[in-house]
Amino acid sequence: MNSSAERLYTAAGETIESFGMLKGADSVLCALSGGSDSVCLLDLMVRICSERGIKLYAAHVNHLIRGDEAFYDARFCSELCESRGILLFSGVFDVPAAAKAAKQPLELAAREIRYRYFESLCRLWGIDRIAVAHNAYDNAETLIFNLCRGASLRGAGGIPPVRGNIIRPLIGCEKSLILDYCAEKSLAYVTDSTNAETIYTRNFIRSEIIPALKRVDPAAVAAISRFSAYARRDDEYLESLAAALPADAQVSELAALADPILTRWLRRRCLEAGAGELESRHIEAAAGFIKSGVGAVDIGGISLPGRIRLDIKRGRAVFSEDIRQKPEISYNIPLREGENPLPQAGASLFISIYYEKYTERIPNIYNNRLKAYLDSDKIKGQLFAAPRRPGEYVRCLGMTKSLSKLMSAADMPPERRASAPVIRDEEGIVCVPELHINGRPLCRDGLFLEKPKNGCLLIAEYISNESPDIT
Numbered sequence: 036m037n038s039s040a041e042r043l044y045t046a047a048g049e050t051i052e053s054f055g056m057l058k059g060a061d062s063v064l065c066a067l068s069g070g071s072d073s074v075c076l077l078d079l080m081v082r083i084c085s086e087r088g089i090k091l092y093a094a095h096v097n098h099l100i101r102g103d104e105a106f107y108d109a110r111f112c113s114e115l116c117e118s119r120g121i122l123l124f125s126g127v128f129d130v131p132a133a134a135k136a137a138k139q140p141l142e143l144a145a146r147e148i149r150y151r152y153f154e155s156l157c158r159l160w161g162i163d164r165i166a167v168a169h170n171a172y173d174n175a176e177t178l179i180f181n182l183c184r185g186a187s188l189r190g191a192g193g194i195p196p197v198r199g200n201i202i203r204p205l206i207g208c209e210k211s212l213i214l215d216y217c218a219e220k221s222l223a224y225v226t227d228s229t230n231a232e233t234i235y236t237r238n239f240i241r242s243e244i245i246p247a248l249k250r251v252d253p254a255a256v257a258a259i260s261r262f263s264a265y266a267r268r269d270d271e272y273l274e275s276l277a278a279a280l281p282a283d284a285q286v287s288e289l290a291a292l293a294d295p296i297l298t299r300w301l302r303r304r305c306l307e308a309g310a311g312e313l314e315s316r317h318i319e320a321a322a323g324f325i326k327s328g329v330g331a332v333d334i335g336g337i338s339l340p341g342r343i344r345l346d347i348k349r350g351r352a353v354f355s356e357d358i359r360q361k362p363e364i365s366y367n368i369p370l371r372e373g374e375n376p377l378p379q380a381g382a383s384l385f386i387s388i389y390y391e392k393y394t395e396r397i398p399n400i401y402n403n404r405l406k407a408y409l410d411s412d413k414i415k416g417q418l419f420a421a422p423r424r425p426g427e428y429v430r431c432l433g434m435t436k437s438l439s440k441l442m443s444a445a446d447m448p449p450e451r452r453a454s455a456p457v458i459r460d461e462e463g464i465v466c467v468p469e470l471h472i473n474g475r476p477l478c479r480d481g482l483f484l485e486k487p488k489n490g491c492l493l494i495a496e497y498i499s500n501e502s503p504d505i506t
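Quick note: the sequence shown uses the numbering used here, first residue 36, plus one each step.
Here it is, written out as structure tokens:
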């Protein structure tokens, strides 16, 4: 009988070949958390890349979620790659602060930051593929999660083996085989203590739901993997039918389509028009409009998110920009010391730690635009700049006040209220440089310093003469 290591090597190799994962690739970046899955993947990719003459890199991300444990994981990954002669890129990101600033779930913020980091490394170093260690267990977990949220056929497809330059060689391998592989090859790995915390939905599915399903059928994970593969296959077929339809199709032709084809055609057209991924209710509304317009030549249509409008003109479905919708200005930029351009706000922020004998390092452009000196000891975590939020309040001058009302009272132009940068930390609003109350910039109580002191934070703003970039 083949060893666990050989069985996994064979299974992963078949997956790589079936989906053309390494076709034309000269280099691969292996995502390395230090856990059993990623350590197994790295060991596997060392062999596969060596056989194919492919350059292998690795990348680790410390999300600053698990304190000292996360730094231990980073050291483990560094030592592992050093022992294998693999160049390791290590990134450190304050994910809790980013998640709070963006009002995102922690897991979502971590995933977005992680993949942005991987993509940036690929661009900088010319790396062709990103290999991640998702396995059949992860796929089952994702499919169950998607179904619980009312997913479509695409959501039932689970985790795709390939998405763009991201490949998943272990997607067909069960967790038990990965653990056997690590044990057989004496591969050390770390364990993420948060994996046992069932307060996270995915952890609950992993530790409670899937084991229950395996009591129904021990082969449940393999069965779910087959089902997700069938769902992906059928979804791809339906997508191909929708893609074959012309962009300027007649309404009568569209209305005669089966709903699965019509909704996919509409989703594709909305994406092409710049509306982004729309919710099902918007797609269903557009489908209803199409069906109601059979026989009509011209009908004023419906507005969709993303400033898109759907009309019927000369019997055809036409997507165009909805000029009646005001563009939404949205940005959320982590601030660092030095120059921080904010093109969406038509401004730049300058951040510096103030030291009296080094004041010459402040650019001349800011000499007449110094906005605030803040007590850096009272700022919590990472600073971010973003527009105001609906219903946002700030504690200033001993009172809690509506930011919107403060902007209005200060006669700030309406178009500027929507784009002006609001600086926040983990506790909320820190400062609004453009908004002055009683002759000084609005700051959270306890932060503003009448006179600078060594070690305090200097925040200055320069307003561009150009209009904000809202694209």
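Just so it is clear, CB atoms sit at the ideal spot from N, CA and C, and this is done for glycine as well.
Span of the alpha helix (DSSP H) around residue i
{"i": "residue 135", "result": "130-137"}
{"i": "residue 375", "result": "Residue 375 -> not in any alpha helix (DSSP H); beta strand (DSSP E) instead, spanning 373-377."}
{"i": "residue 152", "result": "141-160"}
{"i": "residue 308", "result": "294-308"}
{"i": "residue 175", "result": "171-183"}
{"i": "residue 275", "result": "255-278"}
{"i": "residue 190", "result": "188-191"}
{"i": "residue 321", "result": "315-327"}
{"i": "residue 81", "result": "71-87"}
{"i": "residue 225", "result": "From DSSP, residue 225 is part of no alpha helix (DSSP H); its letter is neither H nor E."}
{"i": "residue 250", "result": "245-251"}
DSSP beta-bridge partners of residue i
{"i": "residue 92", "result": "64 and 122"}
{"i": "residue 463", "result": "460"}
{"i": "residue 471", "result": "476"}
{"i": "residue 346", "result": "353"}
{"i": "residue 409", "result": "483 and 492"}
{"i": "residue 285", "result": "351"}
{"i": "residue 198", "result": "201"}
{"i": "residue 211", "result": "Residue 211 is not bridged to any residue."}
{"i": "residue 100", "result": "Paired residues: none, contrary to the question."}
{"i": "residue 240", "result": "Paired residue(s): none; residue 240 is not in a bridge."}
{"i": "residue 454", "result": "According to DSSP, which records beta bridges pairwise, residue 454 is partnered with nothing at all."}
{"i": "residue 339", "result": "343"}
{"i": "residue 369", "result": "419"}
{"i": "residue 332", "result": "DSSP lists no partner for residue 332."}
Whether residue i touches residue j by CB criterion (7 Å)
{"i": "residue 407", "j": "residue 478", "result": "yes"}
{"i": "residue 509", "j": "residue 67", "result": "Outside the displayed span of the chain (36 to 506) sits residue 509, for which this structure offers no information."}
{"i": "residue 357", "j": "residue 347", "result": "no"}
{"i": "residue 511", "j": "residue 212", "result": "Outside the displayed range of the chain (36 to 506) lies residue 511, so it cannot be described from this structure."}
{"i": "residue 75", "j": "residue 216", "result": "yes"}
{"i": "residue 442", "j": "residue 452", "result": "yes"}
{"i": "residue 436", "j": "residue 481", "result": "no"}
{"i": "residue 128", "j": "residue 148", "result": "yes"}
{"i": "residue 47", "j": "residue 205", "result": "yes"}
{"i": "residue 209", "j": "residue 39", "result": "no"}
{"i": "residue 126", "j": "residue 152", "result": "yes"}
{"i": "residue 367", "j": "residue 109", "result": "no"}
{"i": "residue 454", "j": "residue 380", "result": "yes"}
{"i": "residue 170", "j": "residue 252", "result": "no"}
{"i": "residue 98", "j": "residue 145", "result": "yes"}
{"i": "residue 196", "j": "residue 354", "result": "no"}
{"i": "residue 337", "j": "residue 328", "result": "no"}
{"i": "residue 387", "j": "residue 374", "result": "no"}
{"i": "residue 95", "j": "residue 112", "result": "yes"}
{"i": "residue 50", "j": "residue 207", "result": "yes"}
{"i": "residue 244", "j": "residue 179", "result": "yes"}
Presumed contact (8 Å Cβ cut-off) between residue i and residue j, rounded CB distance
{"i": "residue 100", "j": "residue 140", "result": "Incorrect: roughly 12 Å between the Cβ atoms, too far for contact."}
{"i": "residue 56", "j": "residue 202", "result": "4 Å"}
{"i": "residue 70", "j": "residue 224", "result": "6 Å"}
{"i": "residue 317", "j": "residue 340", "result": "6 Å"}
{"i": "residue 273", "j": "residue 299", "result": "6 Å"}
{"i": "residue 484", "j": "residue 409", "result": "7 Å"}
{"i": "residue 290", "j": "residue 326", "result": "5 Å"}
{"i": "residue 270", "j": "residue 188", "result": "5 Å"}
{"i": "residue 157", "j": "residue 64", "result": "6 Å"}
Residue i, enclosing beta strand (DSSP E) - first and last residue
{"i": "residue 388", "result": "382-388"}
{"i": "residue 56", "result": "Per DSSP, residue 56 belongs to no beta strand (DSSP E) and is neither H nor E."}
{"i": "residue 431", "result": "428-431"}
{"i": "residue 434", "result": "434-437"}
{"i": "residue 420", "result": "419-421"}
{"i": "residue 164", "result": "164-166"}
Proximity test, Cβ basis, 7 Å: residue i and chain B
{"i": "residue 50", "result": "Judged by its chain identifiers, the structure shown contains no chain B, having just a single protein chain."}
Below 8 Å, can you find three or more Cβ-Cβ pairs linking the segment 270-283 to the segment 322-342?
These segments do not touch.
Are the segment 412-426 and the segment 455-464 in contact at 8 Å, needing three or more beta carbon pairs?
yes
Sufficient close CB pairs (3 or more, under 8 Å) joining the segment 258-265 to the segment 183-198
Between the segment 258-265 and the segment 183-198 there are three or more inter-stretch CB-CB distances shorter than 8 Å, so the stretches are counted as touching.
Could you say if the segment 165-185 and the segment 241-252 meet the contact criterion of at least three C-beta pairs nearer than 8 Å?
yes
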